[in-house]
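Remarks on the structure that follows.
Have a look at this one:
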């Protein structure tokens, strides 16, 4: 994990600085070949981790699915945990979704619109990452668990601070911390529960959950009237 104690208190930048340490392997000098092979390996591993689970997937399975020879796979990755770290860096820690605190900073956007935009993005772009996190947590190394927790704590901190700014609440109002925790949890609702509601259009789920989240925020902060 690359995150100093000072980084934890620097807002959204703290979230962006948290990622997992990948193995440095230099046995193959052709960077294009390394990139191609790692992509093959990680794509195959992701499918297998989600299908069979991390513990039940073997390196032999990954080689068979990816087409990378077992004799050469360690020229590109160190072990299964290294593959998992690379996948989590890409799918979970990647900055492909605008954080909810940034969205809420634009007060011209209603709470419903902000929440709907965030949930729509995170449920579509981070769905596999969310599923991978929850299914692989028991197998993460301790330092990787600390990095995961640091990321969530930084996000919750940023979100609670933005909620305080938007509502004018004092910095010691712990309700905003609880509310931020709930909103971060809801971001995992779609990917974790969509198998139970496959017959419901995705946009209906997004707007329903966003409306509930906005009502909860408004009840606590009294920041604005519905738009």
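Numbering (full-length UniProt numbering), first residue to last: 1 to 227.
Think of the CB as a built atom: it goes at the ideal place given N, C-alpha and C, for glycine as much as any other residue.
From a predicted model like this one, the values you see are computed outputs, not experimental measurements.
Around residue 78, the same chain offers 23, 25 as residues with beta carbons nearer than 7 Å, after the five sequence neighbours per side are excluded. Taking C-beta atoms under 8 Å as the contact rule, residue 188 and residue 112 fail to qualify, at a distance of about 20 Å.
Around the beta carbon of residue 129, 16 or more other beta carbons lie within 10 angstroms, which makes this residue buried.
Remark: C-beta atoms of residue 155 and residue 88 do not approach each other more closely than 8 Å. Going by beta carbons, residue 164 and residue 158 fall outside the 8 Å limit. Rounded to the nearest angstrom, the gap between the Cα atoms of residue 190 and residue 177 is 22 Å. If you draw a 10 Å sphere on the C-beta of residue 221, you find 16 or more other C-beta atoms in it, and that means buried. The criterion of a C-beta distance shorter than 8 Å is not satisfied by residue 104 and residue 116.
Taking each of 197, 179, 198 in turn and checking the Cα distance to residue 214, the smallest one comes out for 179. With the rule of 3 Cβ pairs closer than 8 Å, the region 191-207 counts as touching the region 116-127. Runs of the beta strand (DSSP E) lying entirely within the region 76-130 and spanning at least 3 residues: none are present. By the criterion of at least three beta-carbon pairs nearer than 8 Å, the region 65-76 is in contact with the region 40-50. Spatial neighbours of residue 75 in its own chain (CB-CB distance under 6 Å, excluding positions within 5 residues in sequence) are listed in chain order as 27, 28. Following the DSSP letters along the chain, one finds residue 176 inside the alpha helix (DSSP H) bounded by residues 175-186. Using a Cβ distance threshold of 8 Å, residue 167 and residue 54 do not count as a contacting pair.
Minimum Cα-Cα distance from residue 82 among the listed residues 101, 139, 134 corresponds to 139. Closest by C-alpha distance to residue 160, out of 20, 212, 52, 102, is 102.
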